[in-house]
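J.:
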Ligand SMILES: NC(=O)c1ccc[n+]([C@@H]2O[C@H](COP(=O)([O-])OP(=O)(O)OC[C@H]3O[C@@H](n4cnc5c(N)ncnc54)[C@H](OP(=O)(O)O)[C@@H]3O)[C@@H](O)[C@H]2O)c1
């Protein structure tokens with residue numbers, strides 16, 4: 331089958347290759363992948379900036395497809411089902427935090443950027459019927475990460491002021507859609523005016539360009555402060571968020587694209603009862619809840635573009651440049 335492999339090559343670390351079809355174990359199913367999507371994680375891996383790099387692995391954590399074979403311990407009724415894949419492996423027993431055996435499909439375990447993938451039968455869930463293959467494939471990793479950040483940790487409520495930072499990101503656009511569906515007053519930041527305008531068109535109460543000076547003051551004037559900020563950029567901007575919070579506000583971050591802050595305004599944090607909460611992916615129950623939320627609100631992920639697997643490298647390049655708004659999807 332055709333697959334996108336991580337390879338030990340000086341010039342380019344990802345390559346479309348011919349590999350053997352996966353073989354399934356007794357508790358597994360074979361899925362013919364219809365569409366898959368990229369996450370920043372895949373690009374970090376390509377750049378060698380992810381722990382425990384393992385070459386000759388099929389990349390990709392997001393996918394949707396059809397069950398074409400079931401293992402001997404798996405019920406036959408799953409055959410021909412249209413499914414999305416939960417990329418969590420071995421979350422473990424504690425719903426709050428992943429176990430030390432936890433990992434994500436798409437390194438070290440082979441991923442979704444291939445014509446077929448073998449996964450444990452308990453990783454698959456019915457594809458929301460109202461979504462196309464491309465939209466369904468966009469859901470898993472980003473949807474789960476946003477769901478835990480916004481609801482699990484963020485505890486967002488109707489009418490609260492929430493700021494989604496870097497809304498062009500694959501996870502951030504889910505945080506944006508979930509927050510809108512909750513009836514919160516949703517504000518966004520982006521480095522792109524077009525992305526901000528698009529969000530206002532979709533229902534955002536306002537947006538700010540983080541590349542402009544004084545956007546922080548402008549946002550405080552307009553909103554009166556935020557109950558919740560959802561961020562994945564990190565860096566010194568964290569101190570701006572601390573200044574922008576209402577008393578008892580919550581800042582939830584699930585990434586640190588811009589690295590560590592050089593200092594942290596702990597004085598303002600303790601005086602104003604500010605919570606700074608890290609978050610990563612989510613447990614299996616949250617994955618099911620996220621799918622339920624998407625179904626209940628008929629939410630369609632924002633898809634930046636769809637292209638064939640053969641053009642995967644150009645999708646990775648777009649992600650590296652931060653050009654996209656929403657998910658970069660590959661039709662398999
Ligand atoms: N912990 C987890 O489970 C988990 C899961 C998924 C992702 N992550 C991490 O979260 C980060 C984002 O992932 P992703 O898949 O959503 O990536 P992505 O699709 O590549 O999005 C990155 C976005 O970051 C935004 N950005 C860049 N500089 C910024 C700044 N100074 N302030 C605010 N936003 C800024 C940009 O938004 P604009 O285009 O709007 O300017 C860009 O689109 C990555 O670091 C990733 O590793 C962690």
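Residue numbers (the working numbering): 331 to 662. Even glycine gets a Cβ: it sits at the ideal position worked out from N, Cα and C. Being a predicted model, the structure only gives us computed values, none of them experimental.
Among the residues of its own chain, which have a CB less than 8 Å from the CB of residue 404, if the five just before and after it don't count?
T.: Along the chain shown, one-based indexing puts residue 404 at 74. Taken in chain order, the residues that qualify are 356, 357, 358, 359 and 451.
J.: Say whether the stretch 560 to 575 touches the stretch 524 to 531, bearing in mind that this needs 3 or more beta-carbon pairs closer than 8 Å, one atom from each stretch.
T.: no
J.: May I ask which residues mark the beginning and end of the beta strand (DSSP E) holding residue 657?
T.: As a position in the chain shown, residue 657 is number 327, starting the count at 1. Its beta strand (DSSP E) spans residues 657 to 661.
J.: Scan the stretch 363 to 432 and note each continuous beta strand (DSSP E) run of 3 residues or more that stays entirely inside, going in chain order.
T.: 392 to 400 and 412 to 415
J.: Using 10 angstroms around the beta-carbon of residue 628, count the other beta-carbons present and answer buried if the total reaches 16, otherwise exposed.
T.: Walking along the chain shown from the start, residue 628 turns up at place 298. Its Cβ having fewer than 16 others within 10 Å, residue 628 is exposed.
J.: In whole angstroms, give me the CA-to-CA distance for residue 374 and residue 380.
T.: Taking the chain shown and counting its residues from 1, one reaches residue 374 at position 44. Taking the chain shown and counting its residues from 1, one reaches residue 380 at position 50. Cα to Cα, the separation comes out at about 6 Å.
J.: State the Cα-Cα distance for the pair residue 609 and residue 584, rounded to the nearest angstrom.
T.: Position 279 of the chain shown, counting from 1, holds the residue named residue 609. Position 254 of the chain shown, counting from 1, holds the residue named residue 584. Cα to Cα, residue 609 sits roughly 5 Å from residue 584.
J.: To which residues does DSSP link residue 560 through a beta bridge?
T.: Taking the first residue of the chain shown as position 1, residue 560 is located at position 230. Residue 560 has 494 and 582 as its beta-bridge partners, per DSSP.
J.: Within this structure, are the beta carbons of residue 516 and residue 509 separated by less than 8 Å?
T.: Within the chain shown, the letter at position 186 stands for residue 516. Within the chain shown, the letter at position 179 stands for residue 509. Yes, these two residues count as a Cβ contact at 8 Å.
J.: Considering just the uninterrupted stretch of the beta strand (DSSP E) at residue 610, what are its terminal residues?
T.: Sequence index remark: in the chain shown, residue 610 carries index 280 (1-based). Residue 610 -> no beta strand (DSSP E), and no H or E assigned at all.
J.: Within 10 angstroms of the Cβ of residue 423, are there 16 or more other Cβ atoms? Answer buried if so, exposed if not.
T.: Reading the chain shown from its first residue, position 93 is the one you call residue 423. Classification for residue 423: exposed.
J.: Going by alpha carbons, who is nearest to residue 445 out of 555, 366, 615 and 594?
T.: On the chain shown, position 115 is the one that residue 445 refers to. Among 555, 366, 615 and 594, the Cα nearest to that of residue 445 belongs to 366.
J.: Contact between the stretch 470 to 485 and the stretch 605 to 625: three or more CB pairs below 8 Å?
T.: With a cut-off of 8 Å on Cβ pairs, the stretch 470 to 485 is in contact with the stretch 605 to 625, counting three or more such pairs.
J.: Based on the DSSP output, what are the partners of residue 347 in its beta bridges?
T.: Here residue 347 is taken as the residue at index 17 of the chain shown, counted from 1. Its beta-bridge partners are 333.
J.: Decide yes or no for the touch test of the stretch 344 to 352 against the stretch 640 to 650: beta carbon pairs closer than 8 Å, at least 3 of them.
T.: Segments in contact, yes.
J.: Quick one: what does DSSP say residue 520 is sitting in, helix, strand or coil?
T.: Within the chain shown, the letter at position 190 stands for residue 520. Three-state result, residue 520: strand.
J.: Determine the closest residue to residue 455 out of 579, 440 and 615, with distance taken between C-alpha atoms.
T.: Numbered from its first residue, the chain shown carries residue 455 at position 125. Looking at the Cα atoms, 615 is the closest of the given residues.
J.: Taking buried to mean at least 16 other C-beta atoms within 10 Å of its own C-beta, is residue 651 buried or exposed?
T.: By 1-based counting over the chain shown, the position of residue 651 is 321. Label assigned to residue 651: exposed.
J.: Kindly list the residues whose CB is nearer than 6 Å to the CB of residue 478, restricted to its own chain and excluding five residues on each side of it in sequence; keep chain order.
T.: Mapped onto the chain shown, residue 478 falls at position 148. Cβ within range, chain order: 609, 612 and 616.
J.: Quick test of the definition: if touching needs 3 or more C-beta pairs under 8 Å, does the stretch 598 to 606 touch the stretch 564 to 584?
T.: By the C-beta criterion, the stretch 598 to 606 is judged to be in contact with the stretch 564 to 584, since at least 3 inter-stretch pairs fall below 8 Å.
J.: Within 8 Å of any Cβ in chain C, is that where the Cβ of residue 645 sits?
T.: Considering every chain present, this structure includes no chain C. It has just one protein chain.
J.: Tell me residue 637's beta-bridge partners as DSSP assigns them.
T.: To locate residue 637, count along the chain shown from 1; it is residue 307. DSSP lists 660 as partners of residue 637.
J.: What is the C-beta distance between residue 520 and residue 496, in whole angstroms, given that I count them as a contact (C-beta under 8 Å)?
T.: Against the chain shown, residue 520 aligns to sequence position 190. Against the chain shown, residue 496 aligns to sequence position 166. At roughly 6 Å, the Cβ-Cβ gap stays under 8 Å, so residue 520 and residue 496 are in contact.
J.: Quick check on DSSP: helix, strand or coil for residue 360?
T.: Position 30 of the chain shown, counting from 1, holds the residue named residue 360. Residue 360 falls in the strand class under three-state DSSP.
J.: Can you tell me whether residue 339 is helix, strand or coil according to DSSP?
T.: One-based indexing of the chain shown puts residue 339 at position 9. Coil, per DSSP.
J.: Mind listing, in chain order, the continuous beta strand (DSSP E) runs of no fewer than 3 residues lying wholly within the stretch 429 to 499?
T.: 446 to 450, 454 to 456 and 491 to 494
J.: With DSSP run on the structure shown, which of helix, strand or coil describes residue 537?
T.: Here residue 537 is taken as the residue at index 207 of the chain shown, counted from 1. Residue 537 falls in the strand class under three-state DSSP.
J.: Could you tell me if residue 426 is buried or exposed, where buried requires 16 or more neighbouring beta carbons within 10 angstroms of its beta carbon?
T.: The count along the chain shown starts at 1 and reaches residue 426 at position 96. Answer is exposed; the Cβ neighbour count stays below 16.
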